[in-house]
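Colleague:
Numbering (my numbering), first residue to last: 5 to 155.
(1) Run the CB neighbour count on residue 62, radius 10 Å, all protein chains shown included, and call it buried at 16 or more, exposed below.
(2) Where do the ends of the alpha helix (DSSP H) carrying residue 144 lie?
(3) Give the DSSP-derived three-state secondary structure of residue 96 in the structure shown.
(4) In the structure shown, what three-state DSSP assignment does residue 64 receive?
(5) Pull up the distance between the alpha-carbon of residue 56 and that of residue 44, whole angstroms please.
(6) Quick one: give me the first and last residue of the beta strand (DSSP E) that residue 154 is part of.
(7) By alpha-carbon positions, which one of 32, 27, 95 ends up nearest to residue 154?
(8) Assign residue 66 to one of two classes, buried (16 or more other C-beta atoms within 10 Å of its C-beta) or exposed (fewer than that).
(9) With DSSP collapsed to three states, give me the class of residue 18.
(10) Distance, Cα to Cα, residue 54 vs residue 149?
(11) Which one of 84, 50, 68, 69 has the shortest CA to CA distance from residue 58?
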């Protein structure tokens, strides 16, 4: 049996998170399958009843893909309830180059990404830089409060 994986993120506004996470990951919105004008058209052609599709669902991309084909598909699933507690799973965006790179360079790389993502709507929660440790990272939230790290 073949197994594939996608990452699904519950949210209130899929389009907002599609835009944000495309910027964060270098992904692109996933186009609908060939011959379909949007995902809603595809879903109804596959037999999904209109009654199961929320208003506006599938009219704009709700998933993103890695244009190089290496990373997983990410689907932003509209849910009615808001996020209320800390994530039990979060993403780590590794941009520093790792411990083989001088700490000052890693800090510069992380800070550049953090600046880019806060400009795109992220919020900084905490700087992860314990004295005496050879590590630097930043804990952020995406525009809907989902936590992730840049390190």
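A virtual CB, placed ideally from N, CA and C, is assigned to each residue, including glycine.
Modeller: Result, derived from the coordinates:
(1) So residue 62 counts as buried.
(2) Careful: residue 144 lies outside any alpha helix (DSSP H), inside the beta strand (DSSP E) at 141-145.
(3) strand
(4) coil
(5) 11 Å
(6) 151-154
(7) 95
(8) buried
(9) helix
(10) 30 Å
(11) 84
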